[in-house]
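These notes are about the structure you will find just below.
Residue numbers (the working numbering), protein chains in the order written: chain A, 1 to 187; chain B, 1001 to 1280.
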């Protein structure tokens, strides 16, 4: 299967063309944010205040990179477990976020919000952090420096490989894969 | 009586923290190759080879295999005829962790308080398990453990009548519920017996065994085989995208227990089963 290519910020056409199981290469800007940053972003939204980054059409990568060694742009940078971000995700999607990169299952609420707001959830390879760091060409902290590895970073990426898990039609790659390869009967 | 200095322990722990995070064990690499042969899903195969490639990049460039360089779990086996000079052994371990995580450019993931959550900045404190053993040697094992797989671990206090069937159901259910979250293919550590805390420690210690090495007890080795077969039948597959390899190995450890109890702990490890040891 050929790779699809996307370049954030994403247009509605780009997002709605993606399907669960698609292999995608991302080039352009993605933002990092983990638990603590999500909490702050949602707090600002609830207060009706401006966010430190423009979310519209953007992709958030759930990652807390390892520190860069001298001569490196960024340390190893694989995905963290997405479900921890579930309580905050619907509000961010409502605010314009179009894509998320992480690993693992999303809640029913998040899957519904992905459909409602026409967004996409993609998985990067958990544990393949040295490989993924090679796709990152530039990094700068844009907000919440005090959070250290959990700060919001602006990453420039070239051909970052991900796989679509949840598309805007409600398909779920984890569910499809599990049903296809399961050998024991479902109870 | 053997004398081991505080500074020696600091230096060894520092080295082990760095090496464990940069260099994936040969046992895991071999297990990934075997898994690649056994995997029937084309996407699963692709992922297994990406994980293998990732480990080669990490060791060649001396960078962490995974960005989550973990909680520093340190096992000490202290010979009863060993004397530590120059300071407290736990301080030496923490100093080694501090230096290893800072100088090795490893991610610092420890927060000072589970609720207030301020990063300690140097990945201390380590989680230290010390045991007094016969002899005059000190064995140190550093086993960095990431949060993703640790979060999916579970413990159950079963009733004795649940027996092997109950244990098996609990282990399989824990893996099924974890799904893609702990980054399969997994190494599944199972501790059966002891009590509440002993079972958890047995499960964790079982992860230190060479990946896929059967339990020395033939009966337990059979149970391990039974479990891995059923876990792989779940269809979760590499990274949860579906496939025939959900776990690389199941390791069971067992201990006697109370007449009223049947504790079972399942400690999940992603494919990055990191641990390095030294004997002083």
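Glycine is no exception: its CB is placed at the ideal position from the N, C-alpha and C atoms.
All figures in this text were calculated on a predicted structure; none of them were measured in a lab.
What is the rounded straight-line gap between the Cα of residue i and the Cα of residue j?
{"i": "residue 1104 (chain B)", "j": "residue 1142 (chain B)", "result": "14 Å"}
{"i": "residue 132 (chain A)", "j": "residue 1053 (chain B)", "result": "11 Å"}
{"i": "residue 1232 (chain B)", "j": "residue 1183 (chain B)", "result": "14 Å"}
{"i": "residue 198 (chain A)", "j": "residue 1195 (chain B)", "result": "Nothing in the structure corresponds to residue 198 (chain A), since chain A is present only between 1 and 187."}
{"i": "residue 180 (chain A)", "j": "residue 110 (chain A)", "result": "24 Å"}
{"i": "residue 1236 (chain B)", "j": "residue 1044 (chain B)", "result": "10 Å"}
{"i": "residue 1251 (chain B)", "j": "residue 128 (chain A)", "result": "24 Å"}
{"i": "residue 67 (chain A)", "j": "residue 1218 (chain B)", "result": "45 Å"}
{"i": "residue 188 (chain A)", "j": "residue 80 (chain A)", "result": "Residue 188 (chain A) lies beyond the range of chain A shown here (1 to 187); nothing can be said about it."}
{"i": "residue 1123 (chain B)", "j": "residue 12 (chain A)", "result": "42 Å"}
{"i": "residue 1230 (chain B)", "j": "residue 1190 (chain B)", "result": "15 Å"}
{"i": "residue 1248 (chain B)", "j": "residue 1086 (chain B)", "result": "43 Å"}
{"i": "residue 17 (chain A)", "j": "residue 4 (chain A)", "result": "10 Å"}
{"i": "residue 121 (chain A)", "j": "residue 1033 (chain B)", "result": "29 Å"}
Does the beta carbon of residue i sit closer than 8 Å to a beta carbon anywhere in chain B?
{"i": "residue 170 (chain A)", "result": "no"}
{"i": "residue 63 (chain A)", "result": "yes"}
{"i": "residue 180 (chain A)", "result": "yes"}
{"i": "residue 59 (chain A)", "result": "no"}
{"i": "residue 69 (chain A)", "result": "yes"}
{"i": "residue 121 (chain A)", "result": "no"}
{"i": "residue 174 (chain A)", "result": "yes"}
For residue i, which three-state DSSP category applies?
{"i": "residue 1276 (chain B)", "result": "strand"}
{"i": "residue 27 (chain A)", "result": "strand"}
{"i": "residue 137 (chain A)", "result": "strand"}
{"i": "residue 85 (chain A)", "result": "helix"}
{"i": "residue 99 (chain A)", "result": "strand"}
{"i": "residue 121 (chain A)", "result": "strand"}
{"i": "residue 69 (chain A)", "result": "coil"}
{"i": "residue 1046 (chain B)", "result": "helix"}
{"i": "residue 1125 (chain B)", "result": "coil"}
{"i": "residue 17 (chain A)", "result": "coil"}
{"i": "residue 1030 (chain B)", "result": "helix"}
{"i": "residue 1018 (chain B)", "result": "helix"}
{"i": "residue 1253 (chain B)", "result": "strand"}
{"i": "residue 1038 (chain B)", "result": "helix"}
{"i": "residue 1259 (chain B)", "result": "coil"}
Compare the C-beta of residue i against all C-beta atoms of chain A and say whether one is closer than 8 Å.
{"i": "residue 1234 (chain B)", "result": "yes"}
{"i": "residue 1270 (chain B)", "result": "yes"}
{"i": "residue 1069 (chain B)", "result": "yes"}
{"i": "residue 1018 (chain B)", "result": "no"}
{"i": "residue 1066 (chain B)", "result": "yes"}
{"i": "residue 1226 (chain B)", "result": "no"}
{"i": "residue 1183 (chain B)", "result": "yes"}
Going by DSSP, what residues sit across from residue i in a beta bridge?
{"i": "residue 172 (chain A)", "result": "A:166"}
{"i": "residue 1002 (chain B)", "result": "B:1082"}
{"i": "residue 153 (chain A)", "result": "A:141"}
{"i": "residue 5 (chain A)", "result": "A:25"}
{"i": "residue 1119 (chain B)", "result": "B:1111"}
{"i": "residue 1267 (chain B)", "result": "B:1189"}
{"i": "residue 1142 (chain B)", "result": "B:1074 and B:1276"}
Please tell me whether, using a cut-off of 7 Å, the distance from the CB of residue i to the nearest non-hydrogen atom of the ligand MN is below it.
{"i": "residue 64 (chain A)", "result": "The ligand MN is not part of the structure shown, which contains no ligands of any sort."}
Segments of 3+ residues assigned as beta strand (DSSP E) that fall wholly inside the stretch 1147–1178 of chain B
1154–1158
What ranges does the alpha helix (DSSP H) occupy inside the stretch 33–63 of chain A, keeping only unbroken runs of at least 4 residues that lie completely in it?
35–46
Within the stretch 1178–1238 of chain B, note down every full alpha helix (DSSP H) run reaching 4 residues or more, in order along the chain.
1196–1206 and 1218–1232
May I have a chain-ordered list of the alpha helix (DSSP H) segments no shorter than 4 residues that lie completely inside the stretch 1062–1113 of chain B?
1089–1103
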